[in-house]
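Colleague: Structure below; questions to follow.
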Amino acid sequence: MEFNIGFLGAGAMAEALIDGLLKVRLVAPAQIIAYDIRRERLQHLQQVYGLEPVASREELLHKAEVIILAVKHQNIHEVLSGLNFKGKLVISIVAGLTLARLARLAGEVPLVRAMPNTPSLVGEGMAALAKNEYVSQADLDKALAIFRSVGQALVLPEEQFDAVTGLSGSGPAYVYLFIEALADAGVKQGLARQVALQLAAQTVLGSARMVLASGEHPAVLKDRVASPAGTTIAGLAVLEEQGFRGTIMRAVEAASLRSQSLGKEKSLCK
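With the sequence shown counted from 1, adding 104 to any position gets you my numbering.
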């Protein structure tokens, strides 16, 4: 693509996006510009990826058409103060920063709010995007291409972002806990720890890929594994008896409600 991407902030998620963009060759290293107050981060990105660090926020805005805000929420006012985003597409991955609050800081320009999750760090992320009324289809295509370089991305109404937080945002932690529990169960049955962990992690990875690749409902895939009077249905019966399904649903609900309350707290502190 023929545009320059500027990263305001060069933390782990920014680096994951840079790595993904270069791996899929969406842009060349010369098309990525980065600014961060931490000089060591800029030196790292320059050495590893060969991209161009800049000395100021203003220089980054001058050189880039797409600006990705990748700073901490508490620093957003300071970072955006005095900047003119006219003619830019601004994409924010700042946690809890709504489009309305971003518009008050950046002005009436194309704004995209994105919520990627941590598996983006290994190219298997899931991102939800919301946009304001100034975003064109071409702008949206650029934003989607950026996040699809590190996984999958879709567009949703912003009012669904608290639910997204509870599911895909917090979801990796639920899956890690499930993998840990599977591995512990394997150890209890006599498997070596590393063997049990490999079996558990690869089983979860493969099962997720089957859901995505087949397009079939998880219940259909589950039923294919559970033969009459077999081992799998015996295990599934215990999970159902212990409320596994309902527990997961309540966990997602709790995380979503917490996201909603945190958003209100941040709004009051703006």
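We put the CB at the ideal spot given by N, CA and C, even for glycine.
Which whole runs of the beta strand (DSSP E) in the stretch 189-240 are 3 residues long or more, in chain order?
Modeller: Here the runs fully enclosed are 193-196, 215-219, 229-235.
Colleague: Leu130 to Ala249, Cα distance in whole Å?
Modeller: Taking the straight line from one Cα to the other gives about 8 Å.
Colleague: Please tell me whether, using a cut-off of 7 Å, the distance from the CB of Val254 to the nearest non-hydrogen atom of the ligand HEM is below it.
Modeller: Summarising the ligand content, the structure contains no ligands, and the ligand HEM is consequently not present.
Colleague: Let me know the secondary structure DSSP gives Ile283 once reduced to three states.
Modeller: It is helical.
Colleague: Could you tell me whether the stretch 238-248 touches the stretch 223-230, where touching means 3 or more Cβ pairs closer than 8 Å?
Modeller: Contact fails: fewer than three Cβ-Cβ distances are below 8 Å.
Colleague: Would you mind reading off the limits of the beta strand (DSSP E) that contains Gln256?
Modeller: Looking at the DSSP string, the run of the beta strand (DSSP E) that includes Gln256 is 255-259.
Colleague: Assign Leu119 to one of three DSSP states: helix, strand, or coil.
Modeller: Looking at the sequence provided, one finds Glu at residue 119 rather than Leu. Residue state, collapsed to three classes: helix.
Colleague: What is the DSSP secondary structure of Pro332, counted as helix, strand or coil?
Modeller: Coil at Pro332, not helix or strand.
Colleague: Under DSSP, the beta strand (DSSP E) around Ala138 begins and ends at which residues?
Modeller: Per DSSP, Ala138 belongs to the beta strand (DSSP E) from 136-139.
Colleague: Would you mind reading off the limits of the beta strand (DSSP E) that contains Phe111?
Modeller: First-last of the beta strand (DSSP E) with Phe111: 109-112.
Colleague: Can you tell me where the beta strand (DSSP E) with Val315 in it begins and where it stops?
Modeller: Careful: Val315 lies outside any beta strand (DSSP E), inside the alpha helix (DSSP H) at 297-318.
Colleague: Determine whether the beta carbon atoms of Leu164 and Ile195 lie at a separation below 8 Å.
Modeller: Taking 8 Å as the Cβ cut-off, Leu164 and Ile195 do not qualify as a contacting pair.
Colleague: Excluding the five sequence neighbours on either side, which residues of its own chain have a C-beta within less than 7 Å of the C-beta of Ser363, listed in chain order?
Modeller: If we look at Ser363 and ignore the five residues flanking it on each side, its Cβ neighbours are Asp266, Thr269, Gly270.
Colleague: Would you call the stretch 142-152 and the stretch 112-122 in contact, with 3 or more CB pairs under 8 Å?
Modeller: Counting Cβ pairs under 8 Å, three or more are found: they touch.
Colleague: Of the residues Ile109, Ser360, Pro332, Gln147, which one's Cα is nearest the Cα of Pro133?
Modeller: Per the Cα distances, Ile109.
Colleague: Counting Cβ pairs, one atom from each stretch, are 3 or more of them under 8 Å apart for the stretch 177-197 and the stretch 206-219?
Modeller: Output reads yes: the stretch 206-219 touches the stretch 177-197.
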